[in-house]
Amino acid sequence: MAFYSLITRGILPLGYGIMGILLDGPAHVIALVGITIEFTVVSLFIIKYLKEVSKEFER
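What follows is the structure, given as structure tokens:
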């Protein structure tokens, strides 16, 4: 029960987010938003890093 309340309060490390999708209630919506934001930020960071690496190889 404490685990469920932890998810519904919006604490969303990836593991909690995946569990939140499996639970009923508003937790799955919060989890999907959290995972989407996390995925977007990580993707942008990777793209930025790869652009910098490719610039170094061009020099």
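Position one of the sequence shown corresponds to residue 85 (the working numbering), numbered consecutively onward.
The C-beta atom is built at its ideal place from N, Cα and C for all residues, glycine as well.
message = Here's the rule: buried if 16 or more other CB atoms are within 10 angstroms of the residue's CB, otherwise exposed. What is Ile121?
response = Walking along the sequence shown from the start, residue 121 turns up at place 37. The residue is exposed, with fewer than 16 neighbouring Cβ atoms inside 10 Å.
inquiry  = Here's the rule I'm using: 16 or more other beta-carbon atoms within 10 Å means buried, otherwise exposed. How should Ile114 be labelled?
reply    = Here the question's residue 114 lines up with position 30 in the sequence shown. Buried, since its Cβ has 16 or more Cβ neighbours within 10 Å.
query = Do you know how far the Cα of Glu136 is from the Cα of Val125?
reply = Looking up residue 125 in the sequence shown gives position 41. Looking up residue 136 in the sequence shown gives position 52. Using only the alpha carbons, I get a separation of about 17 Å.
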